[in-house]
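Each residue of the sequence shown is one higher than the one before, counting from 1 in full-length UniProt numbering.
Written out below as C-alpha cells is the structure these notes cover.
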Amino acid sequence: MATVSEYRKIPGGFDAVGGLEVAHSTSGVERLRSRQSKAAAPRSACSADERASGDAKANGAQFVEAEVRRLMIADGRTTGVELGDVSSSRQLIADVVILATGVWAQALLAREQQHQQQQHDHQIADGSPLPVVPVVPVGHPYLHGEPRPALGRKMPFVRWPEHHVYARDHGDRYGLGTYDHQPLECKLTNGTAIGDWVQGFDAPLTAATSLVPDEASKQLRAGVKFNGIFSMTPDNMPLAGAVQSIRGLYMAVAVWVTHAAGTAKFLTRVIDGIEGIDGDEAVRRALDPERFKGGDLATLEKASLEGYNEIYKTQETQL
Numbered sequence: 001m002a003t004v005s006e007y008r009k010i011p012g013g014f015d016a017v018g019g020l021e022v023a024h025s026t027s028g029v030e031r032l033r034s035r036q037s038k039a040a041a042p043r044s045a046c047s048a049d050e051r052a053s054g055d056a057k058a059n060g061a062q063f064v065e066a067e068v069r070r071l072m073i074a075d076g077r078t079t080g081v082e083l084g085d086v087s088s089s090r091q092l093i094a095d096v097v098i099l100a101t102g103v104w105a106q107a108l109l110a111r112e113q114q115h116q117q118q119q120h121d122h123q124i125a126d127g128s129p130l131p132v133v134p135v136v137p138v139g140h141p142y143l144h145g146e147p148r149p150a151l152g153r154k155m156p157f158v159r160w161p162e163h164h165v166y167a168r169d170h171g172d173r174y175g176l177g178t179y180d181h182q183p184l185e186c187k188l189t190n191g192t193a194i195g196d197w198v199q200g201f202d203a204p205l206t207a208a209t210s211l212v213p214d215e216a217s218k219q220l221r222a223g224v225k226f227n228g229i230f231s232m233t234p235d236n237m238p239l240a241g242a243v244q245s246i247r248g249l250y251m252a253v254a255v256w257v258t259h260a261a262g263t264a265k266f267l268t269r270v271i272d273g274i275e276g277i278d279g280d281e282a283v284r285r286a287l288d289p290e291r292f293k294g295g296d297l298a299t300l301e302k303a304s305l306e307g308y309n310e311i312y313k314t315q316e317t318q319l
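Structure, rendered in C-alpha cells:
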C-alpha cells in the first residue's frame, strides 16, 4: 500500500488497471476460488511520504554517477565507499551506507572480503565476519511486442497461473513473460541487468504466446525478446534493514519495484530509530539482512534458485 501511495504521486507513474487471472482447467478454477475466499485487505497500511529525487536535491542531497568499487569497513563499522575504475579512485566518507545494489550486492561484498584478505585480515576488527548475502541473479525471458497505437482503454495485468505466464499492456506495445523453465543463474558480465539470450528460453516463450489472442501473439512474436536478470533470495523476501554485525551499514537488496517505495519507507524508520509502529517488529525479523547467518552459502544459493519456480508454484522443467 505504501508503494502504491508513493507511485500515485508521480504524474503518469501508476495506473490502477486491475488484474485478471485465467484458468484452463477445473483444478485451476478451484484454485482461484480458494484464493478469492481467503482474500482480505491488510489490517493496517503505512502511508508513504518519501520525496522524489528532485525534492531530495532541493533539500541538499547529491547524486553521483560512478561505479562503487568496494565498501570501506574499519573497526566493525562502515566508513564510506570507494568509487572509480582501474585508473583512478576516490572515497566518499559516510557514517551510514545503504547497500541497494540489487543483483550486484554479493559481488560488492566479495570485493570487500577480497580486500580484507589481501590485508591479511579475514574478519572485521571486532571479530564479526561479513554478512552472508545469498542473492542470486537469475535469468527471466521477456518479450516486448512490436510498437502499436495506444489502445482506447486500459488493459488489466493478466496471469495464467497454471502456465506460469503473465502479460501486460505497456501502452504502445504488449509485454509477456514466463517462469515456465528451469531456474537459471546468470553471471553479470556486461555491467547491466540484461543477460545474454538463452536458446532454452525460446520454447517457453513460444508456448506463452499461444495463450493470448492471435493478433496480440503476432505482435509479440514480431517484437524483441530479452533475458532480464533479477534477484532471488532463499525465502523470496528482500534483505532490508540494519546489518547488526557492521555498524552503520544497511541493506535494501532484492527489492522489486512492486514494493520498492514501501521498503524505502520502512528502512527510513529503521535508520531514524523510529519504533512503536504496528507490525514493524515482525517486518524487521522477516526482512533482517542477516537472517541467513550461519547457513551454508551454496545451500542458500540453491534455495534461492529453487524459489524462482515458487513464484507461480511451477514444476521445474528442463531447458
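Glycine is no exception: its CB is placed at the ideal position from the N, C-alpha and C atoms.
Q: Count the other C-beta atoms from every protein chain shown that fall within 10 angstroms of the C-beta of L151, then say buried if there are 16 or more, exposed otherwise.
A: exposed
Q) Where K187 and Q106 are concerned, what is the direct C-alpha to C-alpha distance, given to the nearest angstrom? A) Going by the C-alpha atoms only, they are around 11 Å apart.
Q | Rounded straight-line distance, which links the Cα of A2 to that of L71 | A | 30 Å
Q: Kindly indicate which three-state DSSP category S217 falls into: helix, strand or coil?
A: helix
Q | Minimum C-alpha distance to S25 - residue among E162, A110 and Q62 | A | E162
**Q.** residue 344 versus A222 - alpha carbon distance
**A.** In the structure as shown, the chain starts at 1 and stops at 319, and residue 344 therefore has no counterpart that could be examined.
Q | Residue range of the beta strand (DSSP E) that includes T79 | A | R77 to G84
Q.
At the level of alpha carbons, what is the spacing between Y179 and E306?
A. 12 Å
Q) Where does W160 sit, in a helix, a strand or coil, going by DSSP? A) strand
Q | A254 vs V158 beta-carbon contact at 9 Å | A | no
Q: Starting from L143, follow its DSSP beta bridges and name the residues at the other end.
A: Answer by DSSP bridge pairing, in chain order: L176 and K225.
Q) If you draw a straight line from the alpha carbon of I124 to that of E290, how long is it in whole angstroms? A) Its pLDDT being 47, under 50, I124 is placed unreliably in this model, and the value from its coordinates should be taken loosely. Roughly 16 Å separates the two Cα atoms.
Q. Expressed to the nearest angstrom, what Euclidean distance is found between the alpha-carbon atoms of I277 and K225?
A. 44 Å
Q) So S89 packs on R69, CB below 8 Å; how close in whole Å? A) 6 Å
Q. Assuming P131 and K293 make a contact with CB atoms under 8 Å, what is their CB distance in whole Å?
A. 7 Å
Q) Applying the criterion that 16 or more other CB atoms from any shown protein chain within 10 Å of the CB defines a buried residue, is F201 buried or exposed? A) buried
Q. So, do the segment 189 to 201 and the segment 227 to 243 have three or more beta carbon pairs nearer to each other than 8 Å?
A. Yes: at least three Cβ pairs fall under 8 Å.
Q.
Once DSSP output is grouped into helix, strand and coil, what is the label at D169?
A. strand
Q. Assuming I246 contacts I73 under a Cβ cut-off of 8 Å, what Cβ separation, rounded to an integer in Å, is found between them?
A. 6 Å
**Q.** Residue range of the beta strand (DSSP E) that includes I93
**A.** Taken as a continuous stretch (DSSP letters only), the beta strand (DSSP E) holding I93 covers S89 to I93.
Q.
Applying the 10 Å Cβ sphere with the 16-neighbour rule, what's the burial state of W256?
A. exposed
Q. What residue from V96, E67 and D95 has the CA that sits closest to R111's CA?
A. E67
Q: Sort G84, T78 and A58 by Cα distance to Q244 and report the nearest one.
A: T78
Q: Using the Cα positions of L83 and V64, report the straight-line distance between them to the nearest angstrom.
A: Between the C-alpha atoms of L83 and V64 there is a straight-line separation of about 10 Å.
(Q) Taking the alpha helix (DSSP H) that I98 belongs to, which residues open and close that run? (A) Counting along the chain, I98 falls outside any alpha helix (DSSP H), though it belongs to the beta strand (DSSP E) covering V97 to L99.
Q. First and last residue of the beta strand (DSSP E) that includes G152?
A. Looking at the DSSP string, G152 is not in any beta strand (DSSP E), and its letter there is neither H nor E.
Q. Which stretch, first to last residue, makes up the beta strand (DSSP E) that contains L267?
A. Per DSSP, L267 belongs to no beta strand (DSSP E); it is in the alpha helix (DSSP H), A260 to D272.
Q. Hey, how far is the Cα of G54 from the Cα of E30?
A. 48 Å
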